[in-house]
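Line by line, the protein sequences give chains A and B.
Just so we're aligned: 232 in this note's numbering is position 232 of the first sequence, and the numbers increase by one with no gaps anywhere.
Just so we're aligned: 141 in this note's numbering is position 141 of the second sequence, and the numbers increase by one with no gaps anywhere.
Take a look at the structure below.
Number of protein chains: 2
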Amino acid sequence: MSVKWVPLLLVIQLSCYFSSGRCGKVLVWPTEYSHWINIKTILDELIQRGHEVTVLTSAASVLINPNMASAIKFEVYPTSFNKEEIEISFMSWINEWTRKSKESPWKHFPEIQKIFWEYSDYLERLCKDVVYNKKLMMKLQESRFDVILADAVGPCGELLAQIFKIPFLYSIRFTTGYKYEKYSGGLLAPPSYVPVVMSELSDQMTFMERIKNMIYTLYFDFWFQTFNEKKWDQFYSEVLGKPTTLSETMGKAEIWLIRTYWDFDFPRPFLPHFDFVGGLHCKPARPLPKEMEEFVQSSGKHGIVVFTLGSMVRNITEEKARMIASALAQIPQKVLWRFDGKKPDTLGSNTRLYKWLPQNDLLGHPKTKAFITHGGTNGIYEAIYHGIPLVGIPLFADQPDNIAHMKTKGAAVSLNIDTMTSTDLLNALKTVINDPFYKENAMRLSAIHHDQPVKPLDRAVFWIEFIMRHKGAKHLRPASHDLTWYQYYSLDVIGFLLACVAIVTFVIIKCCLFSYKKLFKRGKKKKRE
Amino acid sequence: MSVKWVPLLLVIQLSCYFSSGRCGKVLVWPTEYSHWINIKTILDELIQRGHEVTVLTSAASVLINPNMASAIKFEVYPTSFNKEEIEISFMSWINEWTRKSKESPWKHFPEIQKIFWEYSDYLERLCKDVVYNKKLMMKLQESRFDVILADAVGPCGELLAQIFKIPFLYSIRFTTGYKYEKYSGGLLAPPSYVPVVMSELSDQMTFMERIKNMIYTLYFDFWFQTFNEKKWDQFYSEVLGKPTTLSETMGKAEIWLIRTYWDFDFPRPFLPHFDFVGGLHCKPARPLPKEMEEFVQSSGKHGIVVFTLGSMVRNITEEKARMIASALAQIPQKVLWRFDGKKPDTLGSNTRLYKWLPQNDLLGHPKTKAFITHGGTNGIYEAIYHGIPLVGIPLFADQPDNIAHMKTKGAAVSLNIDTMTSTDLLNALKTVINDPFYKENAMRLSAIHHDQPVKPLDRAVFWIEFIMRHKGAKHLRPASHDLTWYQYYSLDVIGFLLACVAIVTFVIIKCCLFSYKKLFKRGKKKKRE
C-alpha cells in the first residue's frame, strides 16, 4: 500500500490544534430521543479528537443523562418542567400523530400542526429558561465557545449564537415541507422531481402524483407552520433588540448537515453549505451478549429476524401483539423482538422478547435475514449500512416516507399497522427473506453507503472543525441569502424587461399608425387634387 | 496520531482491484492546450494507482505527444488534418477572440459563435476520423474499457461511450452560458445570483447587473450555439441508428467534474452528480533550475514577480512589449517573464525573459510576491494554491471572468491589455505587492483551498474509480433527466390546477347567478301577486 495519503490525514487528525495551541470548544443545543442518539455520535467523535464539548440540557430531559460515563460536559439548567411531564407530552404527541397519520392528509395535517405548536411552546419555554437565566448566560459567555451545534427542529441554538456572536451549524433530518431548509437555508426543491416530506412519493412521479406534490408543496409553504412563528419572531426580536424573525436567524447557519445521503434519498439540487451525512452513527457490529449470541446461533441456516418499533414506541395493543406474535411463530427464523408489553399467548418458541436490543450489533450479525422496523431514519441507516432488507410498519413523522423510499429502492415491503393481518406480516417476511431481489437491493444500497470519498461522520466533524478554524464558512454561503423573494425569482428584472418590451412595442405601433395616417391623408389629398 | 483513518484509506488505495482481480481500463477523449495539461494530472494519478489509461489522440495533435515518457498508452488515429494546420487554426481563433472580446458583447458574441462553429467542425472531423475508422473501432471495442473520461467542450467521448455501451464522465471548466451543464447535466443557475460565464459579474449584483445577467442568460440559452448542433445531432443519430441529439447524449454522463471550487467560484446550486475539483493539478513547488534559483535569490528582500500569458499566447506586439518592459524595470522586484518575442529595448536589468517557466514551482517559491497573468483557470488555481496575489491581463474565453472573480475576492487587480499604460501596470504591481489586503485575501483563498475533506485530485480519481467499480453512478442521477421542460417547470401541473380553479370559480359564479335570478324572479312574482 502506498502511504502518501497519510500526510493529508495527519493534518485532518491534528486539525483541532489551533494557532492558539488549544482545541476547539463546542456548545450543543440538542433535541430529544433519536435526534440525541444521532448527534451524540458526532459529540463522541469531537471528544475523541480532543475538543471540549458542552451540552446544554434541561434538568427534565428524557434521554440526555448528564451522569452518563462520558467526557461530554453537561450544563444542566433548571426548568419549570419535570421529566415525567415532558415524557407524557412526547408520548401523547406520538400517539396522536400515529393515530391521525392514518386519516386523510387534510384532516391529518392541521392536527399535526397543533402537535407541532404544543412542541413549539415547550421548546420556547426551554429556550427562555436558558436565555433569561442571567447567571447561566454569563457562564456560557465567559466559556468563549468556538461554535454552536444545534438541531434545526429545536430552535434556540441560533439565538444563542447571535447573542454570543459565534458561528453555528445545524444537524437536521428535515423540517415539514423542507420549509426551513428552503426559506432559511436557500435549498431548492423543484416540485416536479423532489418529493416533499410526508408525501410518501418518489422522485419518479406520475402526472397525478406531481399534482399531489405541488399541492403539498404549496400547503407546507404557505399554510402549515411548524413552529408558532409569531411568538418566536417576537421573542427573538426582543432578545436581540432588533426586529428579526426565527427564519432569518436560522438563515445565518454556516452549514446544514442533513442526515440522509443518496443511498436513501433521491438526488436533488443542493448548495455548497449543505452536506449529506446520513448514517454517520452507523458502525461495525460488536459481539452480542452471550445469551443473545447463543439464541442467534441456534437459528442455524435459517438465520434471524430483528424486530423493533424504536425508542419512542414501547408498547402496542394486546390484540395487535397477539396477531404479530402468531405471524412470527410461523417463520423458520428465530426472532428477537423489542417489546415491553404483556407476553402474547400466541408467541412462538422461535421468538424472544427483549426490553432493549443492541440494534446495530444485531443488524450487523451474519445470521440476520430481515429487519421489521417502524422506519426511523437511524434504524433505516443501520439496515442500509449492514445491507439488511426491511419490513416497514411506519407509524408517524417521516417514517411512512422513509419506508416509501426504501420500497422504491427495492429493499423493503411496507405494511399498515392498523389494517395488516397476521398473513400480511407473514407474507411480507417471506418475501424479503426469500426473494433475492430485496437482499440484492439492500446490498447495493450498502455498497453505495460504504463507497464515499469520506465517511459521513468524518465529514460532519470536518465541517465543525472547519468552522472553528476559520470562524465560519462564509465562502460557502450563496448570495441568494441577501435577496428578497421577488429579486430571487428575478420578478423585478422580468417585470422591467416586459415593461421595456411593452413600451417599445407601443412606440413602434404608434409610429406605424402615425406614418400610416400621414400617408393615408396625403393619398386622400392627392386624390382630391 | 490516531491511526484509525488508515483502514478506510486502505480501501480507497486498493480500490482499483476489482472482483475480477484486475485494475480498471480508462479511455480518454481529450482536448488541447490547458485542458490537456489539467486532465493529464488525473491520468497520471490513475496510472499511479495501477489503472490502464489509453488516450485517443489524432496524429496532428498540438500538445499531446504520444512519445512522451509516460505509462499512458496513446491510440493515435490518422486524420486528414496536419499539426501545423491545427496550430494555425487555434492561433487564429485565439487572436480573433482576443481582438473581438474588447468590442461590445452584441458584436462580439456572434463572432465568438463563428469561432466556435469552426472549432465544432474541426472536432466533428476528428470524431468522424475515429468513429468511421472500422479497424480502430474494432480494436477499441475489443479493449473492453471500463469508463470513458472526456472533456465536455470537445464532443465525441459520449458517442464512443454509447457505441461501446460503457459509462462515461466529464471534466469541464464551462460551456458558454453553462448551457450543457444546464440542459444536459440538469444544473440550476438562477440568474438572480449565479453570474453567467463571460458576463464578468459577481454573485452580488445590482439591479442593472441582474438585468444584464438575465439578458445574457436568455441569449446563451435561446440564441447562442456553442456547437453547430444540427450537424452533430444528425451525425449522432446516424451513428447510433436512432433519432437523438448531442445534448441528449451528453446528458447520459454519470458525473460532471467541474474545474472550480468555492475558493474561486461563487456558491451556487448543484446536483449530486456534480463535483467541484478546481485546482486538482496544483502541487507543492519543486526546486527551480540552478540558474533560475540564483536569479530568484538575488532579489533579496524585495522578492520576485512571475509573468506569463499562458501556453496559447506566445507573443505580443513590439510596442506592447516595450511598454510592459518599461513598467517592470521600475519595480524593485526581480521579474521572470515568459516571452518568446524580440527582446524589448526598455527591458530593465531586473527582468529576465524565458521561453518557458516552471510556473507552479515559481508561484510556490517563498520569494514570489505577485503573478502577472492572462487569467487562465490553471494559472489562477496555482496562484490560489500558493496564496499569491494577481495582476490580471485577461485576453479571451473565461479569462476576463476569472480575473473578475479574483478581483471580487480581493486577490487581484485587473488591467485591459489594449488600453493599459506603463503607469497602470506599475501601479497595479505596486498595489498588489505593497497593500497587505491583496496578500491577505490570496492567503485566505489558499487556506480555503487547502482545507477540504478530500483533495480535489483524489475526489476526481475517486469518482472515476467509483464508476468503474459500480458500472456507473446511477444513484446520483436526478430524475429531472426524465422530464420534458414543461414537466420540469411543472407547467402542466400549474396549468391543470389553474384550469381547476377557473372551472370551480365559473361553476360557483353560475350557481350564484342562477340562484340570484331565481330569487329575483320569485320576488317579482310575489310583488305582482
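No residue lacks a Cβ here, since even glycine has one placed at the ideal position from N, Cα and C.
Short of 8 Å in beta carbon distance, which residues of its chain neighbour residue i, apart from the five on each side in sequence? Order them along the chain.
i	result
A:T505	none
B:H365	A285, L288, V296, I304
B:E318	G341, K342, P344
A:Y486	D492
Determine the DSSP secondary structure at residue i, reduced to helix, strand or coil.
i	result
A:Y261	coil
B:L56	strand
A:R444	helix
B:E75	strand
A:A412	strand
A:F295	helix
B:T351	strand
B:H475	helix
B:I316	coil
A:M1	Annotation note: pLDDT 36 at A:M1 (below 50); position unreliable, no value reported.
B:S326	helix
B:W356	coil
B:Q204	coil
B:T421	coil
B:Y180	helix
A:F496	helix
B:L9	Because the pLDDT of B:L9 is 41, which lies under 50, any placement of that residue in the model is unreliable, and the number read from its coordinates should be weighed accordingly. Looking at B:L9 - three-state DSSP - the assignment turns out to be helix.
B:Q553	The question about residue 553 of chain B has no answer, for chain B in this structure spans 1 to 529.
B:M138	helix
A:F266	coil
B:H405	helix
List the residues that DSSP assigns as beta-bridge partners of residue i.
i	result
B:S480	Paired residues: none, contrary to the question.
B:I148	B:L27, B:F168
A:V306	A:L336, A:F371
A:V391	A:I372, A:V413
B:W485	B:W485 is not bridged to any residue.
B:F274	B:W256
For residue i, collect the residues of the same chain with a Cβ closer than 7 Å to its Cβ; drop the 5 residues on either side in sequence, then sort them by chain order.
i	result
A:L46	V26, V53, V461, I464
A:L187	Y178, E181, F270, L271, F274
B:P167	V147, A161, E254, I467, K471, G472
B:V3	Any reading at B:V3 needs caution, since the residue's pLDDT is 39, under 50, leaving its predicted position unreliable; the model's value is listed next. There are no such residues.
A:E124	K231, W232, F235
For residue i, which option in the options has the closest C-alpha, if you only look at C-alpha atoms?
i	options	result
B:N441	B:K471, B:M208, B:H405	B:H405
A:W97	A:E111, A:E84, A:E85, A:I86	A:E111
B:M250	B:F264, B:S326, B:S171, B:M205	B:S171
B:D151	B:T308, B:P394, B:V28, B:G410	B:V28
A:R352	A:F164, A:Q333, A:L513	A:Q333
A:G279	A:S61, A:T346, A:T423, A:N38	A:N38
B:N350	B:R268, B:L362, B:S326	B:S326
Let's see if you can read the secondary structure: which residues bound the alpha helix (DSSP H) around residue i?
i	result
B:Y489	Note, B:Y489: premise wrong, no alpha helix (DSSP H); not H, not E.
A:F466	456-470
B:H108	105-131
A:I64	Careful: A:I64 lies outside any alpha helix (DSSP H) and carries neither H nor E.
B:Y33	33-48
B:S247	246-250
A:I384	377-386
A:I86	83-100
A:S237	229-240
With residue i as the anchor, note down where its beta strand (DSSP E) starts and where it stops.
i	result
B:F207	From DSSP, B:F207 is part of no beta strand (DSSP E) but of the alpha helix (DSSP H) over 207-222.
Who are the near neighbours of residue i in its chain, counting only those whose CB is closer than 6 Å to its CB and skipping five residues on each side?
i	result
B:I448	D263
A:L476	P272, H273
B:L56	W29, E75
A:Y216	V196, S199
A:N228	W117, S120
B:K73	T54
B:P191	N213, M214, T217
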